[in-house]
Structure formats: structure tokens, C-alpha cells
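**Q**
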Amino acid sequence: MRTRYRSTRGTELVSFEEALLRGLATDGGLFVPDAIPRIDFSAIFPASDDFSELGLETLRSWVGAEMPSDVLTSIVRDALSFPVPLVPLAGNTWKDVFVLELFHGPTLSFKDFGARTMARWMDYFLEVRDECVTVLVATSGDTGSAVADGYAGRARIDVVLLYPGGGVSPVQERQLIVRREGVRALAVAGDFDDCQRLVKEAFMEGRPARRRLSSANSINVGRLLPQMLYYVWAVRLLGRDDVLFCVPSGNLGNLTGGVMAHLSGLPVQGFLAAHNANDFFPRFLAGGDDSFAPTVRTLSNAMDVGAPSNFERMRVLLEPHQMRRLIQGARVTDDETLESMRRVHDETGYVADPHTAVGLEAVRRARAGGQAGGPVVVLSTAHPAKFPETVAEALGQKPEVPEGLAALWNRDVDVERIEPRMDALRERMLQTA
Ligand SMILES: *Cc1c(COP(=O)(O)O)cnc(C)c1O
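Position one of the sequence shown corresponds to residue 2 (my numbering), numbered consecutively onward.
1. Pull the bridge partners of Leu25 from the DSSP assignment, please.
2. Do Phe282 and Phe312 have their beta-carbon atoms positioned less than 8 Å apart in this structure?
3. Residue ranges of each alpha helix (DSSP H) run of no fewer than 4 residues wholly in the segment 311 to 395, ordered along the chain?
4. Kindly indicate which residue of Gly24, Ser49, Val98 and Arg7 has the alpha-carbon position closest to the one of Glu362.
5. CA-CA distance, Arg198 and Gly251?
6. Are the segment 338 to 348 and the segment 393 to 401 in contact at 8 Å, needing three or more beta carbon pairs?
7. Measure the alpha-carbon distance for Ala190 versus Glu348 and round it to whole angstroms.
8. Quick one, are the C-beta atoms of Thr299 and Asn277 less than 8 Å apart?
9. Given this structure, state the Cα-to-Cα distance separating Met123 from Gly374, to the nearest angstrom.
10. What do you get for Leu14, buried or exposed, if any count of 16 or more other CB atoms within 10 angstroms of its CB means buried?
11. Cβ of Met304 within 8 Å of Cβ of Asn279?
12. Flag this pair as yes or no: are the beta carbons of Phe111 and Leu380 separated by less than 8 Å?
13. How big is the Cα-Cα spacing for Pro309 and Arg325?
14. Going by C-alpha distance, which of Leu163, Arg180, Ala36 and Gly154 is nearest Arg412?
15. Could you tell me if Pro385 is buried or exposed, where buried requires 16 or more neighbouring beta carbons within 10 angstroms of its beta carbon?
16. Evaluate Lys387 with the Cβ neighbour count: other Cβ atoms within 10 Å of its Cβ, from every protein chain shown; 16 or more gives buried, anything less gives exposed.
17. Measuring straight from C-alpha to C-alpha, what distance separates Val138 and Gly154?
18. Nearest by alpha-carbon distance to Ala228: which of Arg213, Thr357, Gly240 and Asn255 is it?
19. Hey, is Trp234's beta-carbon within less than 8 Å of any beta-carbon in chain C?
20. Run through the segment 171 to 199 for me and flag every whole alpha helix (DSSP H) of 4 or more residues, listed as ranges in chain order.
21. Any chance the segment 160 to 173 sits against the segment 135 to 150, with 3 or more Cβ pairs inside 8 Å?
22. For Cys247, which residues does DSSP report across the bridge?
23. Considering only residues of the same chain and omitting the five flanking positions on each side of Ala235, which have a CB-CB separation below 7 Å?
24. Under the DSSP definition of a beta bridge, which residues are partnered with Glu417?
25. Kindly give me the distance between the Cβ atoms of Ile419 and Ser265, rounded to whole angstroms, as I take these residues to be in contact under 8 Å.
26. Can you list, in chain order, the residues of its chain whose CB lies under 8 Å from that of Thr94, leaving out five sequence neighbours each side?
27. Buried or exposed: Asp354, going by 16 or more other Cβ atoms within 10 Å of its Cβ?
28. Measuring CA to CA, which of Leu177, Leu60 and Thr12 is closest to Leu109?
29. Whose C-beta lies closer than 6 Å to the C-beta of Thr332 among residues of the same chain, with five residues either side of it excluded?
30. Report the three-state DSSP secondary structure of Leu239 (helix, strand or coil).
31. Express the C-alpha separation of Asp71 and Ser49 in angstroms, rounding to a whole number.
32. Between which residues of its own chain and Met68 is the CB-CB distance below 7 Å, once the five residues before and five after are set aside?
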């Protein structure tokens, strides 16, 4: 059986391949599965305890019919070849709380799961079609480096990356600009909104030379599917059907992956959506106010999203009353984030990055209020070494730097500064094609 995808705003049905390569539907909506495939996890779990095997079993019914089984197998094995440890926290307060570390991929954030898998899927379909694309991404942080790294060296894809020059941290910038095959990094003299505006203009203008343009942010359903897999993994490891997943959230792509896994049959207690001061979703869950607010800057900057685009998907997947039954929300301020990093470190020795700390604070609060008594899995979305300044401010010491990150400072860089104007971008894209 084939899973078809349709727009959140219409009824046109497309294949997974179309949804993946188009990114956005023609009516401006996001692609969602037309019918959620049912997966019998109770049959899969006893058969395997291997991450990529469980991943394959899960993905087969979502995309499997569109690519040969050995292709899907080698893509999943190759893309998701890093460890995904489930770490129990020590101490009484944190009994039964586990941190699922999603940051052991090459760019040290959970975005590696989606970006690496999606790059290989796209490359496969493009090869079959004999086409090439230019992937254009505006980034203020983790997405850009995950996409640059995941897509580098793919035969049929090149990447143009726009980021606000001076608007990202030194570690983030280094991750964006190291020289990679087929990737061109552009530091825009402007802010993130300028970068996004340029990307939109480029899409409206149409293809540069003979290439198709594509995007790789979390509006693409191809990024959400691999993000179901670590929920499956954690449930398999714990062998429980009552896990509460706490998800540090911004654009709600990570949480949507969890909800899709659950709707396809994964047993869970529910989800806790932990947000920073950009609290649209917790507000909606608490009272039904569904007006977006302007984005505010926080210490957990990858979650600085005033208007989460995946909310549109969530509304199609779940009725409001189902959403409120399955998901609780929490809002955590910057002061509480720093306090959470300190508290968790003092009580357990664990060093959490600011995004994970938002999740840990949401869990502490829920437990203090008598909720969340069973097993809790907090998704850890980034390695603390990506945020050394904030870790130092909270703990008075810098985080340990993993080898791969330290090595970036010895690599060549390749970056060009451009003015925030379409003619400047057009010129660079023509050179690429
Ligand atoms: C992208 C990101 C998030 C937010 O994920 P969404 O899917 O946008 O909700 C949280 N933490 C980190 C470190 C991220 O990079």
C-alpha cells in the first residue's frame, strides 16, 4: 500500500516523491499524510533492538513503496549511523527521567536526522528523474549547518546558504562556513528576516538557469518522517507504553514527528511541549488563543519562533480537544533556563544545553505539580558545546568540546559577504548553476 500526501489546505493527492521535491503544496499549504499508515509496533519490537532496523520497519509504510527496499535500507543505515543514547538522570528528584541525546550527529543537533535522510532521498529521486536542484536555505543556526553537512557532496544537489552575518554565534558561524563540496555560504549584511525575504524572492523569480529550486526547512514532510524514529527507539528501549515525551519546541516539527509516530500506533502517555518566551503554543493549549506573536530573542535561540509553521499540520492531524488531551504546554523564561542548567548540574552532574534545559524545567514543574509521575523522556536537541557562552554563564565552566567540533577550527572556510539585495543573490546563484 502507498501512503499519499495532501496539502493542509486542499485535497490534491501526491506521492511521497512529489511532496519531498516540492516542499510546499501549490496552494501554499504543507503536505500531510492523507491517511496515517498503521504500524504494529508490538510485532516489530521483539524482533529488533537496532536503531536503523526499527527505523526501516517504521519508514517502510510511509515511503517504502516508492523506492526499492535495498535503497531505503542503505539510505537509512548511511544517514542515521550515529549513536542515540538514552541517559538516565541520577538522584531522587529525577527518578525515571531520561535524556534522549539527539546530538551525536555531525553538526551536534537533532536536525541531522532530518537533513541527512532527506538529502539522500532527494538525491535518489533526482537520479531516477535525471534532474538537479539548488537547495536554498535561510538559517539563523542549526538548520543551516545540518543541511550544509547533510547535503554536501550529493551529485545532483547544490546548496546556497544565507545567514545573517554577525547574527549567529562564533561556533554556529564556523559550522556554517567550513568549505564543503557543493555548498556556498553567503553572509548577508542584514538580519534573519532579510535572509528569509531573499529566499522568498528567489522562489518567486523562479529557477536560476536550468535548475529547479528547492527548500530544506521543516515545512518539508521529508524532514518530519526521520524525526519519528527516535520516539520509537526510546519506547523500545524502555519497554513501556506510558512514556511522557518532553520536546523543547519552536517550529513544532520535532513534536509533529512524535505525534505522527503515535497516530501510527506507537503507545505513549503524551507529550509536553516546552517553549521559551515564544509561547504561542502553550497559550493555545491553555486557553484557545490562536493569535501568533512577534518573535522574541532568547538564550534558546533555535526555538525563537513566534508563528510555528507546523501548527498548521498539527491542526489537521488532531482536533483541538485531542491535541489538548495528548499535549501539555509549558513556557520557560531565560532566567529559569539558566537556573535549570545550574539545578540539573548540581543535582545530577548533567550538563544540558539551553534548549534541553527548557525541557528539563518543564518536567521539574510538571512533577512538582503532581503530574508526570511515570517515565519521562526529555529530547535533548543540541550538544552543550554549541552554546559555550551560555553554559559558562550558568555553570561557571565551559562545556567539553567534542573532537569533531574542535577540528572545525583547522579546516578551510569559504564564505562570501553580500548585500541584502536580490541582484547580489541572483549573481551568486547563476555562478553555482
Ligand atoms: C530546531 C531546534 C529546536 C526546535 O525544533 P522544532 O522542530 O522547530 O520545534 C529545538 N532545539 C534545537 C537545538 C534546535 O536546533
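Ideal Cβ placement from N, Cα and C applies to all residues, glycine included.
**A** Reading off the structure:
1. Leu31
2. yes
3. 312 to 318, 321 to 327, 335 to 349 and 355 to 369
4. Val98
5. 20 Å
6. yes
7. 43 Å
8. yes
9. 42 Å
10. exposed
11. yes
12. yes
13. 17 Å
14. Arg180
15. buried
16. buried
17. 17 Å
18. Per the sequence presented here, residue 228 reads as Gln, with Ala not at that position. Comparing Cα positions, the closest option is Asn255.
19. Here chain C cannot be found, since the structure has a single protein chain.
20. 171 to 178
21. yes
22. Leu273 and Val379
23. Leu87, Leu101, Val244 and Val378
24. Leu187
25. Actually they do not touch by this definition, with Cβ atoms about 43 Å apart.
26. Glu348, Arg365 and Arg368
27. buried
28. Leu177
29. According to the sequence displayed, residue 332 carries Arg and not Thr. Excluding residues within five positions, the ones whose Cβ falls inside 6 Å are His276, Asp280 and Pro283.
30. helix
31. 18 Å
32. Tyr125
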